[in-house]
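Student: Sharing a structure below in structure tokens format, with a few things to ask.
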Amino acid sequence: MNFDPSDFNVICALLGLLMSVYGLLAYLIRERCYLSDALISFILGVLLGPVTGLVDPMRLAQNDVGNIDRITSAFSRLVLGVQLVIVGIQLPKRYLIYEWRSLAVLLLPGLTCMWMISSILVWLVLPPVPFLHALAIGACISPTDPVLSSAIVKGAFADKYVPLDLRRLIIAESGANDGLGYPFLFLPLLILRYSNSETTASGLWQVLSHWFGETWFYVILLSVVYGAVLGWCAQSMLHFTAMREYLDRETFTIFSISLSLLVLGTAGMANSDDILACFITGNSFTMNPSASADLVGDIDTGPAAAAGHPVSSSMGGRSHGGSCCVHAGGRVVSDHDQCSGAWIIYTVGDAGSLVVRLIPTT
1332 MNFDPSDFNV
1342 ICALLGLLMS
1352 VYGLLAYLIR
1362 ERCYLSDALI
1372 SFILGVLLGP
1382 VTGLVDPMRL
1392 AQNDVGNIDR
1402 ITSAFSRLVL
1412 GVQLVIVGIQ
1422 LPKRYLIYEW
1432 RSLAVLLLPG
1442 LTCMWMISSI
1452 LVWLVLPPVP
1462 FLHALAIGAC
1472 ISPTDPVLSS
1482 AIVKGAFADK
1492 YVPLDLRRLI
1502 IAESGANDGL
1512 GYPFLFLPLL
1522 ILRYSNSETT
1532 ASGLWQVLSH
1542 WFGETWFYVI
1552 LLSVVYGAVL
1562 GWCAQSMLHF
1572 TAMREYLDRE
1582 TFTIFSISLS
1592 LLVLGTAGMA
1602 NSDDILACFI
1612 TGNSFTMNPS
1622 ASADLVGDID
1632 TGPAAAAGHP
1642 VSSSMGGRSH
1652 GGSCCVHAGG
1662 RVVSDHDQCS
1672 GAWIIYTVGD
1682 AGSLVVRLIP
1692 TT
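If you use our numbering, the sequence shown closes out at 1693, no skipped numbers anywhere.
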């Protein structure tokens, strides 16, 4: 008998064991100890990687740092894309339109202040780093995301102490600023790229033309338009098939993850902002007024909602199980704790979240 402790087998075994144990203790960890999914995933990643050495990303990447960067980037896009589509679907219909003033304050002056403060701190803490490089680093760490913000908008503590309107605003802001961090990142990068131009005026023109023309109009605006159109079309097609009873429950519950993969792939091939497109797609998915009663989604905003939810629900735990309803031709199909398709969404998202944190970037 041959024992094969290959990296893939070890990772599968560890992920399965940890996700199962975490699922059994999810309510205790979240609602009693007030520990977030992201923190638990980070601690487990540190223990399994640098501390114990059970998982060695360099071996998986064939000792190529470039492969590690590509793997990390791919998993990060996958986890964030799925999460942002789900978050967009969770928000009320036309929420981004109704709350545009509040979001504009948070995303324009608010995000700009966070960017400058983060950049100054990086510049002061790491003295050899030039200020333009610090601006690029600050643009990477300033935006939040729904995976991290879920710690303050979900759970018994948030339900009791954080108003619903504030929770929705935090979720919307965390979903939008992931994609809107691009202009803050590319501005210092473009300045560095064209700083050696023959004249200052020529370099300034190249920076501004690329920043406005490529970053704002192509990357940002195109992703917003594409996400809005794709989300509305997907919602209309889903409503059409549901009214004619072409749609079963399992297909409906995994529709959000398939939609997120479609957006990630197509927007990524166009070199547009696929993360922002996912969020816009999710929210525009609920904007069709003719189908306001046909689709109700209540999906958790943990790390693509942690696998602890379906496990705890199936064991009779008191977790916030997701629920989905489709009114198809007068027939109501509803699901709360035993929706097997939703388990796929939760498990895939949490597995991706854990894998990303198992792979260090240095």
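Just so you know, even glycine gets a beta-carbon here, dropped at the ideal spot from N, CA and C.
Source: prediction; values computed, not measured.
(1) In three-state terms, what does DSSP make of LYS1480?
(2) Measure the alpha-carbon distance for THR1531 versus VAL1550 and round it to whole angstroms.
(3) Closest to LEU1345 by CA distance: which of SER1367, CYS1364 and SER1372 is it?
(4) In the DSSP assignment, find the alpha helix (DSSP H) that holds TRP1536 and state where it starts and stops.
(5) When the Cα atoms are used, what is the spatial distance from ALA1487 to ILE1399?
(6) In chain order, what are the residue ranges of uninterrupted alpha helix (DSSP H) at least 4 long that sit wholly in the region 1377-1462?
(7) Roughly how many angstroms lie between the CA atoms of ALA1559 and GLY1613, to the nearest whole one?
(8) Closer than 7 Å by C-beta to ARG1425: which residues in its own chain qualify, once you throw out the five before and the five after it? Chain order, please.
(9) Since LEU1590 and ASP1509 are thought to touch, with beta carbons under 8 Å apart, how far apart are those beta carbons, to the nearest angstrom?
(10) Could you check the C-alpha separation between LEU1569 and LYS1485 for me, to the nearest Å?
(11) Take the Cβ of ILE1420 as the centre, count every other Cβ of all protein chains shown within 10 Å, and call the residue buried at 16 or more, exposed below.
(12) Rounding to the nearest angstrom, what Cα-Cα distance links ILE1606 and TYR1353 in this structure?
(13) Taking the alpha helix (DSSP H) that PRO1336 falls in, what are its first and last residues?
(14) Measuring CB to CB, does PRO1423 end up less than 9 Å from ARG1498?
(15) Measuring CA to CA, which of ILE1342, MET1447 and VAL1555 is closest to SER1603?
(16) At 4 residues or longer, and completely inside the region 1347-1377: list those alpha helix (DSSP H) runs for me, N to C.
(17) Alpha carbon to alpha carbon, how far is TYR1365 from LEU1521? Give it in angstroms, no decimals.
(18) Anyone know if the C-beta pair for ILE1502 and VAL1418 falls short of 9 Å?
(19) When DSSP labels each residue in this structure, what does GLU1581 get in the three-state scheme?
(20) For MET1600, count the other beta carbons within 10 Å of its own beta carbon; 16 or more makes it buried, fewer makes it exposed. Which is it?
(21) Quick check on DSSP: helix, strand or coil for ASN1614?
(22) Just reading off the alpha helix (DSSP H) that ASN1508 is part of, what are its end residues?
(23) Does the region 1468-1479 come close enough to the region 1382-1394 that 3 or more CB-CB pairs lie under 8 Å?
(24) Determine the direct distance from the alpha carbon of GLY1384 to that of ARG1401, and round the result to whole angstroms.
(25) If you follow the alpha helix (DSSP H) that LYS1491 is part of, which residue opens it and which one closes it?
(26) Grouping DSSP H, G and I as helix and E and B as strand, with all else coil, what is ARG1575?
(27) If you reduce the DSSP assignment to three classes, tell me which class PRO1641 lands in.
(28) Assuming VAL1550 is part of the alpha helix (DSSP H), what are its boundary residues?
(29) Answer yes or no: do TRP1542 and PHE1517 have a C-beta to C-beta separation smaller than 9 Å?
(30) Among CYS1564, TRP1454, SER1567 and PRO1514, which has the Cα closest to the Cα of GLY1544?
(31) Where does ASP1605 fall in DSSP's three states?
(32) Per DSSP, what kind of secondary structure is THR1597 in: helix, strand or coil?
(33) Taking buried to mean at least 16 other C-beta atoms within 10 Å of its own C-beta, is VAL1456 buried or exposed?
(34) Can you give me the C-alpha to C-alpha distance between VAL1386 and ASP1338, rounded to a whole angstrom?
Tutor: Checking against the coordinates, here is how it stands:
(1) The residue asked about is misnamed: residue 1480 is Ser in this sequence, not Lys. Three-state DSSP puts SER1480 in a helix.
(2) 26 Å
(3) That would be SER1372, whose Cα lies nearest to the Cα of LEU1345.
(4) 1531-1540
(5) 38 Å
(6) The region 1377-1462 contains these whole alpha helix (DSSP H) runs: 1388-1391, 1396-1421, 1426-1429, 1431-1436 and 1442-1456.
(7) 8 Å
(8) MET1618
(9) The beta carbons of LEU1590 and ASP1509 sit about 17 Å from each other, so the pair does not count as a contact at 8 Å.
(10) 28 Å
(11) buried
(12) 28 Å
(13) No alpha helix (DSSP H) contains PRO1336, which DSSP labels as neither H nor E.
(14) no
(15) VAL1555
(16) The region 1347-1377 contains these whole alpha helix (DSSP H) runs: 1368-1377.
(17) Rounded to whole angstroms, LEU1521 to TYR1365 spans 42 Å at the Cα level.
(18) Between ILE1502 and VAL1418, the gap from beta carbon to beta carbon is short of 9 Å.
(19) helix
(20) exposed
(21) Three-state result, ASN1614: helix.
(22) Per DSSP, the continuous alpha helix (DSSP H) segment holding ASN1508 begins and ends at 1495-1511.
(23) The region 1382-1394 is not in contact with the region 1468-1479.
(24) 21 Å
(25) 1487-1492
(26) Coil, per DSSP.
(27) For PRO1641, the predicted model reports a pLDDT of 31, less than 50, meaning its position is unreliable and no value from the coordinates is stated.
(28) That residue, VAL1550, is in no alpha helix (DSSP H); it is neither H nor E in DSSP.
(29) Yes.
(30) PRO1514
(31) helix
(32) In the structure shown, THR1597 sits in a helix (DSSP, three-state: H, G or I).
(33) Under this definition VAL1456 is an exposed residue.
(34) 7 Å
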